[in-house]
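S.K.:
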Amino acid sequence: MTMTESGYYPRQSRMHQKFNKAMSSVAADFRRLAPVVLFGALARARTQVCEPIEWVNIEIPARLLTPVTALLTRVGGYLDGTRIAGEYLHLSGLLATARLSELTSGLPDDAEGEAAVVHRLEHHAPVAGSPPQRCRIGPDPADREAWFRDMPR
1204 MTMTESGYYP RQSRMHQKFN KAMSSVAADF RRLAPVVLFG ALARARTQVC EPIEWVNIEI
1264 PARLLTPVTA LLTRVGGYLD GTRIAGEYLH LSGLLATARL SELTSGLPDD AEGEAAVVHR
1324 LEHHAPVAGS PPQRCRIGPD PADREAWFRD MPR
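So the sequence shown is numbered by the numbering used here: it starts at 1204 and just counts up by one.
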């Protein structure tokens, strides 16, 4: 976020005295204000939390279709195509990037070590359910009253 204009002209000090930060705003005041302004803007804009979605292609022996499909479903992915290439199947589908490590860690067991996975970022989609949150350290900028109480000048 970049502040481009404020229309604020500060008084720097009392007449004929040196600069007094108690009387005027300093850069730290604007840095402390930025999170509050940002949270307010995001709330008014009704933003939506999205997550990255990967396109995955899994190459497996045909006999392992059932366990690998079950694994893909278990980690929240779904198939959108299957192609036969000799004794092997190429399964393609979509999966949330956050769940990709679950798929790749489960494949050695379910595919008996015979799977090859290729993936790439496909798109971003709205998060299903409540969006993920990190533990907050310090006051919440969304709660203006608590923020200004806990972040004194």
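From the three backbone atoms N, C-alpha and C, an ideal C-beta is built for every residue, glycine too.
Does the Cβ-Cβ distance between VAL1271 and ALA1244 come in under 8 angstroms?
M.R.: No, Cβ-Cβ distance for VAL1271 and ALA1244 is not below 8 angstroms.
S.K.: Excluding the 5 residues preceding and the 5 following VAL1330 in the sequence, name in chain order all residues of the same chain whose CB lies nearer than 6 angstroms to its CB.
M.R.: The answer, listed in chain order, is VAL1252 and GLU1254.
S.K.: Drop a sphere of 10 angstroms on the beta-carbon of PRO1334, count the other beta-carbons inside from all chains shown, and report buried for 16 or more, exposed for fewer.
M.R.: Flag for PRO1334 reads exposed.
S.K.: Nearest-angstrom Cα distance between ARG1266 and ASP1312?
M.R.: About 14 angstroms.
S.K.: Given ILE1256, which residues of its chain have a CB within under 8 angstroms of its CB, disregarding the five upstream and five downstream residues?
M.R.: Result list for ILE1256: LEU1297, LEU1298, ALA1299, THR1300, LEU1324, GLU1325, HIS1326, HIS1327 and ALA1328, in chain order.
S.K.: If you reduce the DSSP assignment to three classes, tell me which class VAL1240 lands in.
M.R.: Note: VAL1240 maps to helix in three-state DSSP.
S.K.: Tell me the rounded alpha-carbon separation between VAL1259 and GLY1289.
M.R.: So the alpha carbons of these two residues sit roughly 20 angstroms apart.
S.K.: Measuring straight from C-alpha to C-alpha, what distance separates THR1285 and GLU1317?
M.R.: Spanning the two alpha carbons is a distance of roughly 17 angstroms.
S.K.: Where are the alpha helix (DSSP H) runs, 4 residues long or more, that stay fully inside the stretch 1252-1320, in chain order?
M.R.: Counting only runs of 4 or more, we get 1268-1277 and 1303-1313.
S.K.: How is the alpha helix (DSSP H) around GLU1348 delimited, first residue to last?
M.R.: 1347-1353 is the span of the alpha helix (DSSP H), which, as asked, contains GLU1348.
S.K.: Under a CB-based cut-off of 8 angstroms, is GLY1332 close to chain D?
M.R.: Absent from the structure: chain D. Only one protein chain is present.
S.K.: Using CA coordinates, which residue listed in GLU1305, VAL1239, VAL1240 and LEU1292 is at the minimum distance from THR1276?
M.R.: Ranking the options by Cα distance to THR1276, first place goes to GLU1305.
S.K.: According to DSSP, simplified to helix, strand and coil, what is ALA1328?
M.R.: Reduced to three states, the DSSP call for ALA1328 is strand.
S.K.: Look at the alpha carbon of SER1209 and the alpha carbon of PHE1233, and state the distance between them as a whole number of angstroms.
M.R.: Their backbone Cα atoms lie some 11 angstroms apart in a straight line.
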